[in-house]
Each structure stands twice: as C-alpha cells, then as structure tokens.
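Numbers in the working numbering are just positions in the sequence shown, counted from 1, shifted up by 50.
Each residue gets a CB set at the ideal place from its N, CA and C atoms; glycine is no exception.
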Amino acid sequence: MTTATNPQTHLATAHKQTPVRIGLLGLGTVGTGVYKMLSRFENVTIRKIAVKDITKQRQLTEIPQDILTESVESVVSDPDIDLIVEVMGGKEFPYQIIKSALAAGKHVVTANKVVIANYGDELFQLASQNGVNLLFEAAVAGGIPIVLPLRTSLAGNRIQQIAGILNGTTNYILTRMEQAGLDFTDALKEAQQMGFAEADPTADVEGHDAACKIAILSAISCQKQVDQAAIHTEGISSIGAIDIDMARELGYAIRLIALYKAGEDQRVDIRVHPMLIPVSHPLSKIMFENNAIWVKGDAVGDVMFYGKGAGELPTASAVVGDIFLLVHALQNGQTSLAGLHFNLEGKASPLPMHDTVNAYYIRLETQDEAGVIGQLGKACGEHGVSLTAVMQKGIDPQTQSATIVLLTHDVQEANLQAALKAMQAQSTTRKIHTVLRVFQP
Ligand code: HSE
C-alpha cells in the first residue's frame with residue numbers, strides 16, 4: 051500500500067504498527083471503491099479478495115493476482131486475517147459467511163442491508179459473545195453517516211421520529227417528474243439510462259429497498275429487531291405527473307418517505323410510502339439521486355443528514371470509516387470496540403396501517419354534476435374525515451369528468467378507508483386515482 055498523502059488522513063496513519071489484515075469479500079462497485087480507498091493507507095493491508103470469477107478483466111489492474119480467490123470460505127477461515135469486509139450482496143450466503151466470520155472471532159464490516167435488516171439481532175449477539183464487532187454504516191444511505199450518529203452522538207435521545215429519503219432511484223424519478231413534467235414510465239427510463247435504476251427496478255420503485263433501510267434505523271432507535279415483512283410498503287409507480295402538479299399548487303412536493311415514529315406505549319409506527327412534504331420542510335428540497343434523513347430526538351430537536359446514498363466511493367467511504375474505527379482500536383491494543391457492541395432486546399412489530407393517523411391527499415375523477423362535491427364531503431363527514439382543502443381543476447372536455455383533490459385533517463386510516471369506500475360507491479365517482487399521506491414534522 052502506498053504512503054498516505056492526503057493531510058486529512060492523519061488519523062488513519064497515526065499508528066504505524068503492524069498493518070491490520072483485511073479479507074475483502076466482493077470486488078463489484080463497492081468492493082472496488084473500498085480497494086481504491088484503502089490503497090491510500092499504510093496501516094491496513096488487503097490480504098485476500100474473494101471474487102466470483104478470478105479470470106475476469108478488472109478496472110483495477112494493479113491488484114496482485116495472487117490475493118484473488120474464488121473461495122469465500124478460505125478468506126473467512128484464514129488465521130492471518132483480522133477483519134472481514136463483506137460487500138458481496140445477497141442474503142442467505144452472506145448471512146452464513148458473516149456468521150462464520152464472527153464465530154471465528156473476526157470483526158466484520160458489511161454494507162449488506164438485507165442481512166442486517168433480517169438477521170441483525172442474531173448476528174449482533176454472536177458478535178458480542180465472541181468479543182468482536184459487526185459494523186454496518188454503509189447498509190443505510192450509502193455515504194451518509196447515520197448509523198453511528200444514531201448509535202453514538204444521539205444515543206442520549208429518545209428518537210421520536212425519523213423520516214428518510216433512503217432510495218436514490220425513486221428520488222431521481224420524482225425529481226424529474228417534478229422538474230420536467232415527465233410521467234413515471236419516462237422518468238424511470240431516464241433513471242435507467244443514467245445508471246441510477248436497475249434493469250429490474252422493482253426493489254427500488256416499490257419501496258422494498260427503503261423498507262430494509264428503515265427497518266435498520268428503527269431497530270437502532272427502539273433497540274428491538276423489526277419485522278421487515280410487516281412494514282407497510284408502497285412504491286411510487288402509481289403517482290401521476292398530475293399529482294405532482296396538484297401537490298405543488300397546494301404547497302407540497304412528493305417524495306418516497308421511510309418513516310419511523312415512536313409511540314407512547316412502546317408501539318412503533320414504521321412504514322414506507324410516498325408523502326406530500328410541505329415545501330417549507332428541507333426534505334422537500336432533496337433532489338435527484340440524493341438521500342436525506344431527518345431525525346427528531348427529544349433532546350436534540352430536529353437534525354438532518356444529507357448526501358449520496360449509493361455509488362462506488364460514497365458507499366466505500368462508509369465501509370472504510372467502519373474499518374478505521376476497528377483499525378484504530380486494534381492498533382491501540384484493544385481487541386474490540388466494547389462500546390459498539392449492540393444487542394437488540396426482543397422484536398418490534400409495526401403498528402397496523404389501519405391504526406395509524408395521518409392527513410391525506412385524495413385525487414379522484416367524478417362526473418360533472420351538481421352536488422358532487424357535497425356528496426364527497428358527506429361521505430367523508432359520515433366517517434369522521436374532516437377536509438382542509440378541496441380543489442377542482444376544470445372539466446376534461448373529452449370525458450366530461452372533473453378532477454377533484456381533497457386534503458384532510460388528521461384521521462385514523464381505518465376511517466379514511468371507510469370514507470374512500472363510501473366515495474367509490476357513489477354513482478358520480480368514476481375513479482379514485484391516488485391516495486397519499488401528508489408528512490407532518
Ligand atoms: N438502489 C438504491 C438506491 C441504492 O437507488 O438508492 C442501494 O441501496
């Protein structure tokens with residue numbers, strides 16, 4: 051490894067004892083970034099790298115061929131490796147591998163949100179039992195420091211609420227719909243051309259990627275393993291360009307939000323869905339592929355973290371930050387970072403959606419007849435849904451339909467669903483197109 055030249059790297063180069071020996075699992079986008087970043091430092095050495103295909107032509111031609119192996123197991127069981135860096139992706143295989151590494155007394159740094167969201171409690175316990183650390187800053191929001199700030203700097207707070215824009219693909223799509231009036235399909239195509247969206251964009255656009263990440267932030271906040279499968283998850287594919295315009299007229303932007311709210315009675319409200327964000331709130335200003343996490347703590351008040359949530363070097367930055375926490379500890383004679391052992395006590399199930407309380411935006415198409423708005427108001431009133439705004443945008447001359455938007459006060463979701471059913475049953479209602487919740491900081 052070359053000598054550090056960047057003056058900001060003094061911390062990482064301060065201890066020039068025996069280099070800490072790393073086994074890198076995966077040399078895709080993030081692994082390549084980690085290799086590039088670690089090349090700046092003398093106090094770590096990458097002893098082995100596990101790859102899928104050892105013969106593949108690589109961007110990094112300087113990697114010595116003899117440190118590459120196709121056997122992940124041989125890296126994990128190598129007694130001359132102190133720290134495993136898992137950046138392979140996947141679920142069951144990396145889970146098993148992380149388990150073996152921890153059981154073998156090796157520290158693990160991972161970027162794997164799926165493994166941490168699903169198996170965090172078991173793996174954290176295993177790490178503590180074996181006196182090693184499992185660090186995972188890169189698993190949530192790529193380069194943005196949020197895991198460690200929640201676990202350390204904000205640890206004295208009761209975290210009351212988190213609202214995260216945790217998926218860059220969907221934020222890029224919504225930004226382009228907002229800026230250029232594109233519909234969802236064209237904005238998605240553009241995101242794919244720009245390399246932000248995958249060929250199969252389902253996990254991103256349907257909210258599953260964000261659900262995994264908020265499951266992790268929620269677990270840190272409530273100190274319990276969160277059942278990710280129980281998180282209500284809606285994506286952005288049904289949002290129309292018209293919703294973005296209507297929301298803007300009402301003073302809101304639309305963003306995909308991953309939400310955590312601590313309840314009074316140990317109940318947690320965790321969900322992922324698009325929301326109307328007041329334009330006065332900083333989350334409404336997050337554009338393109340960027341991520342942001344707004345946190346409300348009972349002592350600190352509101353804080354917000356912003357930056358790149360994915361990509362080679364941003365994600366590597368988080369991985370390498372975790373690596374250096376361990377490197378400093380090991381080179382100072384500590385065997386682990388005792389303060390960063392982490393135990394989740396029990397499980398948390400998100401509040402059922404029908405028990406949540408929200409304000410709503412409803413866009414519907416009706417016949418153009420006298421009394422329609424009165425009937426909609428009646429259906430709402432009968433179910434305890436109080437309106438704060440009603441907006442109608444002329445009449446479509448071809449279909450003779452009216453587009454009407456309703457905004458409600460806070461109401462329990464069960465009541466809202468009953469009111470929607472009643473509105474849908476009215477003979478003058480042609481279609482309820484969109485129902486969105488409104489973010490209230
Ligand atoms: N695909 C994710 C995104 C990044 O679009 O933000 C990795 O979690």
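Between the alpha carbons of residue i and residue j, how many angstroms are there, rounded?
i    : j    : result
P332 : E432 : 36 Å
V369 : T119 : 21 Å
L456 : S121 : 58 Å
F355 : K106 : 38 Å
R36  : L198 : Because the chain spans 51 through 491 in this model, residue 36 falls outside it and cannot be assessed.
Q179 : H391 : 10 Å
L363 : E339 : 15 Å
G290 : F234 : 7 Å
G537 : V488 : In the structure as shown, the chain starts at 51 and stops at 491, and residue 537 therefore has no counterpart that could be examined.
I286 : I223 : 9 Å
I264 : E256 : 14 Å
K481 : G389 : 55 Å
V159 : E136 : 6 Å
I72  : L88  : 10 Å
A241 : G231 : 15 Å
A475 : S451 : 17 Å
F246 : G427 : 42 Å
D446 : L267 : 45 Å
D352 : D130 : 45 Å
D201 : T449 : Correcting the residue type first, residue 201 is Arg in the shown sequence and not Asp. For R201 and T449, the distance between alpha carbons rounds to 55 Å.
G347 : P400 : 20 Å
Since residue i contacts residue j with CB under 8 Å, what's their CB separation in whole angstroms?
i    : j    : result
L133 : V101 : Actually they are not in contact, since the Cβ atoms of L133 and V101 sit about 18 Å apart, beyond 8 Å.
I117 : Y85  : I117 to Y85, Cβ: 10 Å. No contact.
E187 : D372 : 5 Å
A483 : L414 : The identity of residue 483 in the sequence shown is His, whereas the question assumes Ala. Sure, about 6 Å apart at Cβ, within 8 Å.
I212 : Y310 : 4 Å
N465 : V440 : At roughly 18 Å, the Cβ-Cβ gap does not stay under 8 Å, so N465 and V440 are not in contact.
By DSSP's criteria, residue i is part of a beta bridge. Which residues make up the other side?
i    : result
T119 : A100
A398 : V276
E172 : Looking at the DSSP assignment, E172 forms no beta bridge with any residue, so it has no partner.
N183 : For N183, which the question treats as bridged, DSSP gives no partner whatsoever.
I412 : L456, V485
G417 : The residue asked about is misnamed: residue 417 is Gln in this sequence, not Gly. Answer is S451.
H157 : L133
I72  : I96, L133
V407 : Q462
So, at 7 Å on beta carbons, what are the nonlocal neighbours of residue i in its own chain, with the 5 sequence-adjacent residues on each side left out?
i    : result
E142 : none
T55  : Bear in mind that a pLDDT of 40 at T55, under 50, signals an unreliable position, so the model cannot answer this.
G361 : G192
T478 : T416, Q417, E419, V422, Q425
C262 : K163, V164, A167, Q278
Q175 : N393
T82  : Q109, L110, E362
V350 : L204, N207
Against chain B, with Cβ distances strictly below 8 Å, would residue i count as a contact?
i    : result
T111 : Here there is only one protein chain, and chain B is not present.
Kindly list the residues whose CB is nearer than 6 Å to the CB of residue i, restricted to its own chain and excluding five residues on each side of it in sequence; keep chain order.
i    : result
E463 : M403, H404, T406
A379 : L387
M337 : T225
A472 : A429
H60  : Confidence in H60 is poor, its pLDDT being 41 and thus under 50, which makes the residue's placement unreliable; the coordinate value appears in the next sentence. Contacts found: none.
L185 : V159, D372
I523 : This structure cannot settle anything about residue 523, because the visible part of the chain is limited to 51 through 491.
Who are the Cβ neighbours of residue i in its own chain at under 8 Å, not counting the five residues just before and after it?
i    : result
Q275 : G170, D171, A269, L394, G396, K397, A398
S334 : Y302, A303, R305, I327, P328
G155 : N180, G181, V182
E314 : none
Ignoring anything shorter than 3 residues or poking outside the region 421-482, list the beta strand (DSSP E) runs there in chain order.
For the region 421-482, whole beta strand (DSSP E) runs of length 3 or above, ordered along the chain, are 437-446, 451-458.
For the region 297-369, list the alpha helix (DSSP H) runs that are entirely contained and at least 4 residues long, ordered along the chain.
Whole alpha helix (DSSP H) segments, 4+ residues: zero.
Would you list, in sequence order, the uninterrupted beta strand (DSSP E) runs of no fewer than 3 residues that lie entirely inside the region 212-277?
Counting only runs of 3 or more, we get nothing.
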